[in-house]
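Residue 1043 is where the sequence shown starts when you use this note's numbering, and the numbers rise one by one after that. Report on the following structure.
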Amino acid sequence: MNARQAMSAYSNTQIHSGIMDASPHKLTAMLLGGAVDRVNAARGAIEKGDVARRGEMLGKTISILAQLQADLDMSQGGEIAQNLEALYDYMIRGLVDANRENDAKKLDEVQALLSEVKAGWDGIKDQVGS
């Protein structure tokens, strides 16, 4: 095993351990952070002209948003859950457009929305005991 493989194995173990010990609030925060990171990576891929990487990162971001959308509790979440569902759908459509049009500017809007949702989510961690 070379150093890169060892670091990858360590990182995967740390991530797995973090997920296993995380509260639902922390898991959502991790997903939002992962989505932000992947949009940044997609922007870098657009700048480098790396079509495959762009598609991969946008696909992963879409998967994260779809999971967040699926995890919404519409019966208890009321208007907030409905608004988040619509927002996640809007962001997914924006990512699809950004991929199709190879447009980093379209990523800016999604990035801003994701950052705002993440900041709000991070802001309530004390209220949910996470």
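Yeah, the Cβ is synthetic: ideal placement off N, Cα and C, and Gly gets one too. Predicted model, so just to flag it, every value in this text is computed and none were measured.
Checklist line | Cutoff 8 Å; reference D1115; Cβ partners in own chain excluding five residues on either side | finding: Locating residue 1115 in the sequence shown gives position 73, where the first residue counts as 1. Counting only Cβ-Cβ distances below 8 Å, and skipping sequence neighbours, we find A1123.
Checklist line | Best match in L1074, R1080 and R1096 for proximity to D1145 [C-alpha to C-alpha] | finding: Position 103 of the sequence shown, counted from the first residue, corresponds to residue 1145. That would be R1096, whose Cα lies nearest to the Cα of D1145.
Check: In whole angstroms, what is the alpha-carbon distance linking N1082 and G1120?
Finding: As a position in the sequence shown, residue 1082 is number 40, starting the count at 1. As a position in the sequence shown, residue 1120 is number 78, starting the count at 1. Rounded to whole angstroms, N1082 to G1120 spans 31 Å at the Cα level.
Check: Along the chain, where does the alpha helix (DSSP H) that runs through S1117 open and close?
Finding: For this step, residue 1117 is matched to residue 75 along the sequence shown. Boundaries of the alpha helix (DSSP H) harbouring S1117: M1116 to E1143, taken from the DSSP string.
Notebook entry, point to check: Between the C-alpha atoms of K1068 and I1134, what's the straight-line distance to the nearest angstrom?
Noted result: Locating residue 1068 in the sequence shown gives position 26, where the first residue counts as 1. Locating residue 1134 in the sequence shown gives position 92, where the first residue counts as 1. Distance between the alpha carbons of K1068 and I1134 is about 22 Å.
Next item on the list: Indicate the three-state DSSP secondary structure (helix, strand or coil) for D1113 in the structure shown.
Entry: Numbered from its first residue, the sequence shown carries residue 1113 at position 71. Annotated three-state conformation of D1113 is coil, per DSSP.
Check: Alpha carbon to alpha carbon, what distance is there between L1074 and V1159?
Finding: In the sequence shown, counting from the first residue as 1, residue 1159 sits at position 117. In the sequence shown, counting from the first residue as 1, residue 1074 sits at position 32. Taking the straight line joining both Cα atoms gives about 8 Å.
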